[in-house]
Amino acid sequence: METTTTEKKYTFKDFTSDQEVRWCPGCDDYVILRSMQKALPEMGVKKEDVVFISGIGCSSRFPYYMSTYGMHTIHGRAPGIASGVKMANPNLSVWIMTGDGDSMAIGGNHFIHLLRRNIDLNMVMFNNEIYGLTKGQFSPTSLIGQKTKSSPYGNTQPPFSPGELALGANARFFARITGNNPKDMAQIFIDAHKFKGTSLIEVLQNCVIFNDGCFDEVTDKEVKEDMQIFLEHGKPMIFGKNKDKGLVLNKLKLEVVTIGENGVTQEDILVHNAKEEDKTLHQMLVRLEYPLATGIIRSFADVTLEEREDALTAEVKANSKFKKTDDLFFSGETYEVK
Amino acid sequence: MITTKTILQPEVLEAVVVRFVGDSGDGMQLTGTQFTDTSAMFGNDIATFPNYPSEIRAPQGSLYGVSGFQVHIGSVEVSTPGDNVDLLVAMNPAALKTNLYAVKPGHTIIVDTDSFTKKNLDKAEYKTNPLEDGSLENYRVIQVDMTTMTKEALKGVEGLDNKAITRSKNMFSLGMVYWMYDRSLEHTIDFFNKKFKTKPSLIEANTKVLNAGYYFAETLELIPNAYSISPAKMTPGTYRIIGGNTATAWGLLAASEKSGLELFLGSYPITPATDILHELVKHKHFGVKAFQAEDEIAGVTSAIGAAFAGDLAITTTSGPGLALKGEAIGLAMMVELPLVIINVQRGGPSTGLPTKTEQSDLLQAMYGRNGESPVIVIAASTPANCFNFAYEAARLALEHMTPVILLTDGYIANGSAPWKVRSIADMPEIKNHKVTEVKENWSPYDRDEKTLARNWAVPGTPGLEHRIGGLEKDSVTGNISYEPINHEKMTHIRAEKVRLVENNIPELKTEFADSGDLLVIGWGGTYGSLHSAVKQISDEGYKNIGFAHFNYINPMPKNTEEILSKYKKIIVCELNAGQFVSILKTRFSKFEFSQHNKIQGLPFSNDELIQQFKLLV
Ligand SMILES: Cc1ncc(C[n+]2csc(CCOP(=O)(O)OP(=O)(O)O)c2C)c(N)n1
Ligand code: SF4
Ligand SMILES: [Mg+2]
């Protein structure tokens, strides 16, 4: 999203509040906080125009640690509050900070409607596949069989994939990033800010206390390059330590191939088009288990709710005979009592 | 064609109650509205109430598909739509059957005999035809072949199908009623000309049928034209007929303009509150931002967001929706943002009686949140003063930085009455607590000494960046604090803040006896019923009865105790099981309170109230 820009040069310190950060040591939430504080000075937005709105959860403590405007609200309801802030003042850069439970369990209804409407704001979902704040119950993204405080014998409820849910709700911007990749995360925050419309960023966030290591298979230093593909618009879908693996379409499925084997060349590899309206391929990428797709998967510029509303308002204003409430109150069927 | 069973002596009346009833498709709302507007322009005082079936398209002729519109017109002050009916216009057997109970014995019923077919009588579950079996002997029944005569009147009018012809028979009945009450047809003919601008055949048809009904009534000298009702004595000025929900919406528009703040509405449709949303969405020309959210929670939370960002923020709903909003209203109270919550009460609990009226959300409004969570609660008492109290809700929210719940109800929301149009220039000032100046050691919880309202720094203001939230905060810095003593202190501050509102509201007034044997107490939408009952009993010679009606419930007017102490007995009348009286009993425990309660989805009737009052004096 784009707002009034500033001449003033900020550093990350300008966005750090005086509040003591209370997350567990080693929690990925620190990485997200730092990345945001580093990204904000690059966005060119005035500090007073930035607003963080959160629900409830470990992740939702976020606004207290920023020195911008912010509100820590109630569980699951940040999308409503953030939408109200943005509709009241479209000049603001509005950020929803939320957890997997906050956004998709109690707030699931608001989540899908937010994405459907396409208001120009951003949502960062801290997905740790667990309820952190309430000390370790399964969440809507916990895996089947996962043992948690509320599923001691294993979780029996199949999970959502946030990306699939989001695209199903017609998200125009969806990005995924791992909690141990601050550099790309910061850039994605900047891109989300620039994007006009609702941007959703899913961060695979390790909770060291209640679900430690749940993303190790894809985030471990040793394996991450082989297990993740970092997508960039206009670039071929290549990954792997040796940059020799790529994605091709085989019938109706994405398939991993090795460049140089079986006659596969770089030209055969799919080129990522995040900006296309058709989301078929984006959906396939979101669903892909190996490699895990990260980066900006979809970034389709669509008309925003505000643009539609503004156009209507301008039209109604131009054609209306009512400029003041007196014009309305004294119009039409009035009569005089003498 | 016409039979009159009991002929009434012509009389000059101070007020009459007319009820138009028919099938949903018979156009009774329109007929009633036309009669209302014409009478208002003639100078009568007015109160109306529509009665729709809950099904949108109920089967034709069925008992539950009957739609009605009642209007009370008077040369004297009229404060309710009236209990019993002087004239019933019934377009079919089902309409007659479901409304006969309301007709005063000896009074007039006009029926369309053409609709009293075997099929329609069966649908209305009549074993024999009431027009023939003598069961209406105690009424003056005017039997008119209305459908036939409408068709005749329309012979030769081009471009009408059968449906259009039968649909205009309501204008025949309206024409008759106009003649009976000596009203001019002019306003309604103007209305046709505007409404059917592009369909000249409909203008011609409706005008012809209206005239036909009028002249038919004139020709039949059997109808005495003696119901002349002179204009009422009303304060001079410009008036219009306004419905309660429209008045509420307009009060908010006025508050927005006066305060200089943009209006934001977050809402989700629910009967009987939806018309406020319908009205506000029309007014984009005033910059109104009306947002239909995905549910009530999103409705209120979007409003809280808008309040944080500096708008005049409103959410509208009815009982079940208020229940959903509870947690968020608690947040607004905790972060001390101005927010207006309008609850148009309906019959509860649960889905209850969605289209009926009740006052049973009072305790929900007072206490329906977790923790110690006081908010301002006020109530409108007539269709027209919904305007004032919507305005007042906005004023108090902004001046005290707190949520305000405004209670109206289905009865006043759907009713209509003359409203003396208010110009924005004559409305009271509305202050707010916005700040832009950067001071050292500034905190968002710095408070105004007199009101304890905190200051309101909105996003976009440089130097005043801050975080607020639902966690308890330190009374000085506003930072999160779990300190036991601080929590108790903050709880008291929030309560005190609401209590101090008593300095910013008018005193409680009494009507009729200002001291004496009995004080009748009411609140909210029952004002009209209670006022007219106390007036009647006082006119009968009971000069020792006073009446006090509450619009301010939390906090109550400062002089409440003083007023209570001036009477020997007190009776509190409510359309619930005794909610307000329970608050009064706790607050003013030294007084004894009798109570009169009704939980039928209906307003009080004059008779039941007078009977109650007489038992006490
Ligand atoms: C209405 C309500 N219900 C339940 C809770 C308790 N609660 C607080 S946070 C939370 C779950 C948080 O999980 P998630 O959104 O994944 O955030 P995380 O702590 O993992 O960052 C729950 C159940 C609450 N605060 N409010
Ligand atoms: S409980 Fe988990 S998510 Fe919450 S702060 Fe600790 S490590 Fe982070
Ligand atoms: Mg979580």
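As you go down the protein sequences, you meet chains Y and D in turn. Quick note: to get my numbering, add 721 to the position in the first sequence (first position is 1). Quick note: to get my numbering, add 2 to the position in the second sequence (first position is 1). Using N, Cα and C, we set each Cβ at its ideal position, and we do this for glycine too.
Check the Cβ of residue 813 (chain Y) against every Cβ in chain D and list those closer than 8 Å, keeping chain order.
Your numbering for residue 813 (chain Y) matches position 92 in the first sequence. Per Cβ cutoff of 8 Å: 311, 461, 462.
Taking beta-carbon pairs under 7 Å, can you tell me which members of the segment 791-802 of chain Y lie near chain D?
791, 792, 793, 794, 795, 798, 801, 802
At a threshold of 8 Å, does residue 796 (chain Y) count as lining ligand 1 (C-beta to nearest heavy atom)?
As a first step, residue 796 (chain Y) must be located in the first sequence, where it is residue number 75. Result yes, Cβ under 8 Å from ligand 1.
So, using beta-carbon positions, are residue 338 (chain D) and residue 499 (chain D) closer together than 9 Å?
Position 336 of the second sequence, counted from the first residue, corresponds to residue 338 (chain D). Position 497 of the second sequence, counted from the first residue, corresponds to residue 499 (chain D). Cβ atoms of residue 338 (chain D) and residue 499 (chain D): closer than 9 Å.
Return the chain-ordered list of same chain residues with a C-beta closer than 8 Å to the C-beta of residue 962 (chain Y), the five sequence neighbours on each side being excluded.
Stepping through the first sequence from its first residue, residue 962 (chain Y) is reached at position 241. The answer, listed in chain order, is 946, 947.
Taking C-beta to C-beta, are residue 111 (chain D) and residue 138 (chain D) nearer than 9 Å?
Walking along the second sequence from the start, residue 111 (chain D) turns up at place 109. Walking along the second sequence from the start, residue 138 (chain D) turns up at place 136. Yes.
By the DSSP assignment, the beta strand (DSSP E) with residue 870 (chain Y) in it spans what residues?
Position 149 of the first sequence, counting from 1, holds the residue named residue 870 (chain Y). Where residue 870 (chain Y) is concerned, there is no enclosing beta strand (DSSP E), given that its DSSP letter is neither H nor E.
From this set, Y:853, Y:837, Y:871, which residue's C-alpha is nearest residue 296 (chain D)'s C-alpha?
Here residue 296 (chain D) is taken as the residue at index 294 of the second sequence, counted from 1. Residue Y:837 is the option with its Cα nearest to residue 296 (chain D).
So is residue 951 (chain Y) in contact with chain D if we call contact Cβ pairs under 9 Å?
Within the first sequence, numbered from 1, the residue matching residue 951 (chain Y) stands at position 230. Chain D, which has no Cβ nearer than 9 Å to the Cβ of residue 951 (chain Y), makes this no.
Below 9 Å on C-beta distance, what does residue 426 (chain D) contact in chain Y?
In the second sequence, the residue the question calls residue 426 (chain D) occupies position 424. Here the neighbours are 1045, 1046, 1047, 1050.
Going by Cα to Cα distance, which pick from D:135, D:275, D:336 is closest to residue 324 (chain D)?
For the purposes of this step, residue 324 (chain D) is identified with residue 322 of the second sequence, where counting begins at 1. When each option's Cα is compared against that of residue 324 (chain D), the closest is D:275.
Taking CB distances under 9 Å as the criterion, tell me whether residue 299 (chain D) reaches chain Y.
Residue 299 (chain D) sits at position 297 when you count from the first residue of the second sequence. Residue 299 (chain D) counts as touching chain Y.
By the three-class DSSP mapping on this structure, what secondary structure does residue 810 (chain Y) have?
Counting from one through the first sequence, the residue named residue 810 (chain Y) turns up at place 89. Three-state DSSP puts residue 810 (chain Y) in coil, outside helix and strand.
Check the Cβ of residue 236 (chain D) against every Cβ in chain Y and list those closer than 8 Å, keeping chain order.
The count along the second sequence starts at 1 and reaches residue 236 (chain D) at position 234. Those are 1058, listed as they occur along chain Y.
Put residue 419 (chain D) into one of helix, strand or coil per three-state DSSP.
Within the second sequence, numbered from 1, the residue matching residue 419 (chain D) stands at position 417. DSSP, read as helix, strand or coil, puts residue 419 (chain D) in strand.
Given 8 Å as the limit, tell me if residue 821 (chain Y) has its C-beta closer than that to any heavy atom belonging to ligand 3.
Here residue 821 (chain Y) is taken as the residue at index 100 of the first sequence, counted from 1. Yes, Cβ of residue 821 (chain Y) sits closer than 8 Å to a heavy atom of ligand 3.
Does residue 291 (chain D) have its Cβ less than 9 Å from a Cβ in chain Y?
For the purposes of this step, residue 291 (chain D) is taken as the residue at position 289 of the second sequence. Yes, contact with chain Y.
For residue 266 (chain D), which residues in chain Y fall below 9 Å Cβ to Cβ?
Within the second sequence, numbered from 1, the residue matching residue 266 (chain D) stands at position 264. Those are 805, 808, 809, listed as they occur along chain Y.
Looking only at C-alpha atoms, which of Y:930, Y:798, Y:1012, Y:901 sits nearest to residue 745 (chain Y)?
Mapped onto the first sequence, residue 745 (chain Y) falls at position 24. Answer by Cα proximity: Y:930.
Going along the chain, which residues of its own chain have a beta-carbon closer than 6 Å to the beta-carbon of residue 858 (chain Y), five neighbours each way excluded?
Indexing the first sequence from 1 puts residue 858 (chain Y) at position 137. Same-chain partners within the cutoff: 852, 869, 870, 871.
What I want to know is whether the C-beta of residue 747 (chain Y) ends up closer than 8 Å to one or more non-hydrogen atoms of ligand 2.
Numbered from 1 along the first sequence, position 26 holds the residue referred to as residue 747 (chain Y). Because some heavy atom of ligand 2 lies under 8 Å away, the Cβ of residue 747 (chain Y) counts as near it: yes.
In its own chain, which residues sit with a C-beta less than 8 Å from the C-beta of residue 538 (chain D), not counting the 5 before and 5 after it?
For the purposes of this step, residue 538 (chain D) is identified with residue 536 of the second sequence, where counting begins at 1. Closer than 8 Å at the Cβ level, and outside the excluded window around residue 538 (chain D), lie 608, 612.
Report the residues of the segment 275-289 of chain D with a CB closer than 8 Å to any CB of chain Y, ordered along the chain.
285, 286, 287, 288, 289
Could you tell me whether the segment 1021-1039 of chain Y touches the segment 32-52 of chain D, using the rule of 3 or more Cβ pairs below 8 Å?
no
Three or more beta-carbon pairs under 8 Å between the segment 287-296 of chain D and the segment 330-348 of chain D, yes or no?
Contact between the segment 287-296 of chain D and the segment 330-348 of chain D is absent: fewer than three C-beta pairs spanning the two stretches fall below 8 Å.
Looking at the secondary structure, which residues open and close the alpha helix (DSSP H) in which residue 393 (chain D) lies?
For the purposes of this step, residue 393 (chain D) is taken as the residue at position 391 of the second sequence. Element bounds for residue 393 (chain D): 388-402.
Measuring only the C-alpha atoms, how far is residue 877 (chain Y) from residue 866 (chain Y)?
Numbered from its first residue, the first sequence carries residue 877 (chain Y) at position 156. Numbered from its first residue, the first sequence carries residue 866 (chain Y) at position 145. Each residue's Cα considered, the two are about 6 Å apart.
Apart from the five residues on each side of it in sequence, which residues of its chain come closer than 8 Å, Cβ to Cβ, to residue 8 (chain D)?
For the purposes of this step, residue 8 (chain D) is identified with residue 6 of the second sequence, where counting begins at 1. For residue 8 (chain D), the predicted model reports a pLDDT of 39, less than 50, meaning its position is unreliable and no value from the coordinates is stated.
Return the CA-CA distance between residue 407 (chain D) and residue 305 (chain D), expressed in angstroms with no decimal places.
The count along the second sequence starts at 1 and reaches residue 407 (chain D) at position 405. The count along the second sequence starts at 1 and reaches residue 305 (chain D) at position 303. Approximately 14 Å between the Cα atoms of the pair.
Could you give the residue range of the beta strand (DSSP E) that holds residue 268 (chain D)?
Translated into the one-based positions of the second sequence, residue 268 (chain D) becomes position 266. Unbroken beta strand (DSSP E) run through residue 268 (chain D): 265-269.
Using a C-beta to C-beta distance shorter than 7 Å, which residues of chain Y count as neighbours of residue 43 (chain D)?
Walking along the second sequence from the start, residue 43 (chain D) turns up at place 41. Within chain Y, the residues near residue 43 (chain D) are 1056.
Taking a cut of 9 Å between CB atoms, which residues from the segment 851-877 of chain Y lie near chain D?
In summary, no residue of the segment 851-877 of chain Y has a CB separated from any CB of chain D by less than 9 Å.
In chain order, what residues of the same chain lie with their CB nearer than 6 Å to the CB of residue 923 (chain Y), ignoring the 5 residues before and after it?
In the first sequence, the residue the question calls residue 923 (chain Y) occupies position 202. Only 846, 848, 883, 897 meet the Cβ criterion.
Alpha carbon to alpha carbon, how far is residue 421 (chain D) from residue 70 (chain D)?
Your numbering for residue 421 (chain D) matches position 419 in the second sequence. Your numbering for residue 70 (chain D) matches position 68 in the second sequence. Rounded to whole angstroms, residue 421 (chain D) to residue 70 (chain D) spans 23 Å at the Cα level.
In chain D, what lies closer than 8 Å to residue 785 (chain Y) by C-beta?
As a first step, residue 785 (chain Y) must be located in the first sequence, where it is residue number 64. Those within 8 Å of residue 785 (chain Y) in chain D are 469, 471, 482.
Which full runs of the alpha helix (DSSP H) of 4+ residues lie inside the segment 548-572 of chain D, going along the chain?
562-566
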